[in-house]
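Participant: Okay, handing you the structure first.
In this note's numbering, the protein residues as written are -19 to 767.
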C-alpha cells in the first residue's frame, strides 16, 4: 500500500475514532437489540466477533422489500450484486468477485444456505422466504467457510421449527400487475417432533418494452417451497431434515444501445424500452428467457456429547438446472443493409444450459472451556456438471473468422455447439481455536488444508446449417477431449482481540483465502475446429490484513463498528469477452490485484420510537500488474479498477414507530443508498472502438465512462400498520422511489465482438455501447395475517 493510500484510510479511521469521544447520554431505559451471529461457526454476539460482518435480520429484509439475494447488495457497503432477474447474479465483496456464469469457474464469494455450500449459487436467485438472518462476512474466510471463500461469504439462515402452533399468510399486489402470496405454518407433530413448512408464488408483468415487438421484458414467474422437520431424539441429540424447491421462469431484459455507429438506432436509459427479440429464418421470433430450477435435501445432526463437547454433521444433496436464451444485445436494430452493403441478418442467437448435481458432507467437533473455544472438522464436496452452449451467428461473420468465403457455407447461419462436462471433487481438514489468554485478551488461530480435483470433458462442434440449433444432441463433429487437474492449499488466520472495557473491543489480524483452479467453458472457434480443449487455470490466493473496533456505548443505545483492511490477490481469476472471436471469452489471470478501504456501521436508538442507522464504505481497488493474454498482449492495464468496486457507498436508515391508541403501531421505515460509479467491464474503451475500426472509422466515440455504472442514489420506503395484538398488518411499500436509472451490467464487449466480424466481412465499420439497466420505481400493498 502506498503512503498516500495508507494516509486516506488512516484519516477516515481517525475521524471515526474521534466521534467516539462524545459525552455520554443519559440512560432512558431502552437499548439496541443484541445481534447474534454464527460467523465463527458458533453463536456469538456480533460485538464479540473479530470479523467484519454485516448482519441483516428478517425485520430489515421485510422493511426493505427484499425478494432475492441481489436486493441486499445496495444495503451493505463493500457488497455488490448484479440483477438476479438476468442470467445470473455477479457477486463481489470489496471489489473481488466472479463475473462468470459457467461450470469451469467457482465463485469468489460462496453462498451458504443453512450451513450448506451452494456451489452454483442459483438456489438463492429466486424468492427468499422465512429467512431468519443473512450474514455478509467480508474478507477471506478460508478457515471458517472453506472452499472458494477468497473474498468473503454470504451465510443465509432460515427459520427453524418451534414448539408451538403458528402461521403466517401474506398477500400482495403492486405495479406491473404484481401478485404475491407467501405462507408459513409451524406445528408440533408430537412432543419431540416439530414441522415448519412455507411457500411463495410471485408473478409480475414486464416493465421494459420490447422494441422488436415481442412480449415486455423483465417478466417474473417464480415459486419457492421449503419444509423443515426437527426431531429432538433425546435431550442432547437433535436431527433437522430440510427439503426445498425453487422454480424461476423469467423473461430477461434487453440490452440498451446508447451509442452506435450512424445508421443504427439507439435508445435512452430512461425510456424503459430496448430490443431483445431474435428474428429466425422462418419468420418467427425467439424471446430471451431464463429458467432456473433447483431442489435440495439436507440433514443436520447435533449431538451434545457433554456440557463442553458437541458433534455436528451436515449432509446434503442439491440439483440445479439453468436454461437461458440471451437477447441479441440490441443487434437486431442494425439494418439489414448499411451504405448499400447487405449484412445477411438476423444476427445472433446464444443459448446457455447448465445442469449440476452437488453432494456435500461436513463433520465438526467443537468444544468450550475456560482456556479455549475450538472446533475441528472434515468437509467433502462433489459436483457433476454439464454445460451446453449452442451459438448461431451470421454466415458472413463466421466465414471471416475461419477464413472461408460465405458461399462455402451451406446455410445462412454457422452453428457452434460446445458441450462441457466438468466434475469436481474436494476435500478439506480444518480447525479453529479462540485462546482466552486473559479475561480481556484473546488469540484466534485457524488452519485449513484444501484439495480440489476437476475433470473436464469438452465436445466441440462447428457446422453450417440452414436453421438454428440443427445440431443433433450429442452429435459432435470433431470428437472430444478430456483433461483433469488438481490443486491444494493451506489457508489460515491469526487474530488478536482485546476488550478495552465492557463496551469496546479492538482487534487486528491476518487471514488467507483460496479459490481452486479450473477449466474455461468457452473455446475459440479455431481451437474448437481443431478439436482442442481449454487449458486449466491455476488457483487464486488471498491475503488480508485487517484491524477494527467494535463499540457499544451511550448505555447500549449507540453501536459503532469499524474495520480498515488491505487485501492482496495473486493469480486473480477473471474472464472477458474476446473481441476478435464472437461468442467466446478469454480466461485470464491477473498476477496481482489489490483492494483496501474502510467499513463503518453505526446504529443509534435516538428515542424509544426512533432508530437511526448509517453505513459507510470506502474502497480502492486496482490491478497491480498488467494482465496479459496468451499472446503477450495487454488485455487489462496496470492500475485499472476491479469490477463492481465503487469508491464510496453510503446507506442511511430511519425507522420510526408511532403507537396509535386502541389500534396498534404505525411504522415508517426508509432507506437511502448512494454509490459512486463502479466499473462493469474489464475491456478498455480503446479496445472496444479499435475492434471494429480495422475497416474504417465506426463513427462513434466510446469513453471509459461507458464501461461504468455511473453514480446513483436509491430511496426505499415502507409504511405499515400492525394491530395491537400483532395478528394483522397492512403495508404500503416502494423501491427506487425517485425512479433512478443506472447501468447494471455491460454487454459492449460481446456486441462489439460480433460487430468486428461483421465489419471485416462487409467492409462496414460498426461499434456500439450496450448494457442492461436496474429495476425502475416499484410499489405495492401487502396484507399479512399471523396466527
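Backbone N, C-alpha and C fix where the C-beta goes; we use that ideal spot for every residue, glycine too.
Exposed or buried, which one is residue 367 when buried takes at least 16 other CB atoms within 10 Å?
Facilitator: buried
Participant: Taking only runs of the beta strand (DSSP E) that begin and end inside the stretch 540 to 578, which ones reach a length of at least 3 residues, in chain order?
Facilitator: If we require 3 residues or more, the stretch 540 to 578 turns out to have no beta strand (DSSP E) run fully inside it.
Participant: In the DSSP output, which residue or residues are listed as bridge partners for residue 181?
Facilitator: 161, 203
Participant: Whole angstroms is fine: what's the gap from residue 549's alpha carbon to residue 521's?
Facilitator: 6 angstroms
Participant: Count the other CB atoms, across all protein chains shown, that sit within 10 Å of the CB of residue 421; report buried if there are 16 or more and exposed otherwise.
Facilitator: exposed
Participant: Taking the CB atoms as reference points, tell me whether residue 624 and residue 70 lie closer together than 8 angstroms.
Facilitator: For residue 624 and residue 70, yes; Cβs fall inside 8 angstroms.
Participant: Assuming residue 33 contacts residue 124 (C-beta within less than 8 angstroms), just tell me the rounded distance between them.
Facilitator: Rounded, the Cβ-Cβ distance is 11 angstroms, inconsistent with contact.
Participant: Excluding five sequence neighbours on each side, which residues of the same chain lie with their C-beta closer than 6 angstroms to the C-beta of residue 591?
Facilitator: 585, 635
Participant: In this structure, does DSSP put residue 738 in helix, strand or coil?
Facilitator: helix
Participant: Can the beta-carbon of residue 107 be found closer than 8 angstroms to that of residue 182?
Facilitator: The answer is yes: Cβ separation under 8 angstroms.
Participant: Whose CA, out of 767, 354, 745, lies closest to the CA of residue 23?
Facilitator: 354
Participant: Could you tell me which of 423, 429, 419 sits nearest to residue 409, measuring between CA atoms?
Facilitator: 429
Participant: In chain order, what residues of the same chain have a beta carbon less than 7 angstroms from the beta carbon of residue 465, not counting five sequence neighbours either side?
Facilitator: These residues qualify, in order along the chain: 434, 497, 516.
Participant: Expressed to the nearest angstrom, what Euclidean distance is found between the alpha-carbon atoms of residue 298 and residue 132?
Facilitator: 22 angstroms
Participant: In whole angstroms, give me the CA-to-CA distance for residue 685 and residue 236.
Facilitator: 15 angstroms
Participant: Roughly how many angstroms separate the alpha carbons of residue 77 and residue 733, rounded to a whole number?
Facilitator: 24 angstroms
Participant: From what residue to what residue does the beta strand (DSSP E) around residue 533 run?
Facilitator: It spans 520 to 533 - the beta strand (DSSP E) in which residue 533 sits, taken as one unbroken run.
Participant: Classify residue 34 as helix, strand or coil using the three-state DSSP reduction.
Facilitator: strand
Participant: Could you check where the alpha helix (DSSP H) with residue 122 kicks off and where it finishes?
Facilitator: 122 to 125
Participant: Report the rounded CA-to-CA distance for residue 229 versus residue 185, giving the unit in angstroms.
Facilitator: 12 angstroms
Participant: Tell me the rounded alpha-carbon separation between residue 699 and residue 155.
Facilitator: Each residue's alpha carbon lies about 17 angstroms from the other.
Participant: Please indicate yes or no: does the CB of residue 518 lie closer than 7 angstroms to some heavy atom of the ligand FMN?
Facilitator: Annotation note on the ligand FMN: not contained in the displayed structure, which lists no ligands.
Participant: Since residue 758 sits in a beta bridge, which residues does DSSP pair it with?
Facilitator: 715.
Participant: For residue 631, report the span of its beta strand (DSSP E) as first-last.
Facilitator: Element bounds for residue 631: 628 to 640.
Participant: Strictly by DSSP, which residues pair up with residue 283?
Facilitator: 217, 291
Participant: Where do the N-terminal and C-terminal ends of the beta strand (DSSP E) with residue 703 fall, by residue?
Facilitator: Looking at the DSSP string, the run of the beta strand (DSSP E) that includes residue 703 is 692 to 703.
Participant: Taking only the alpha-carbon atoms, compute the straight-line gap between residue 27 and residue 121 and give it to the nearest angstrom.
Facilitator: If you take the alpha carbons of residue 27 and residue 121, they lie about 18 angstroms apart.
Participant: DSSP three-state call for residue 43: helix, strand or coil?
Facilitator: Here residue 43 sits in helix by DSSP.
Participant: How would you write the range of the alpha helix (DSSP H) that residue 670 sits in, first residue to last?
Facilitator: 665 to 670
Participant: In the DSSP assignment, find the beta strand (DSSP E) that holds residue 198 and state where it starts and stops.
Facilitator: Element bounds for residue 198: n/a, residue is neither H nor E.
Participant: Tell me the residue span of the beta strand (DSSP E) that contains residue 649.
Facilitator: 644 to 655
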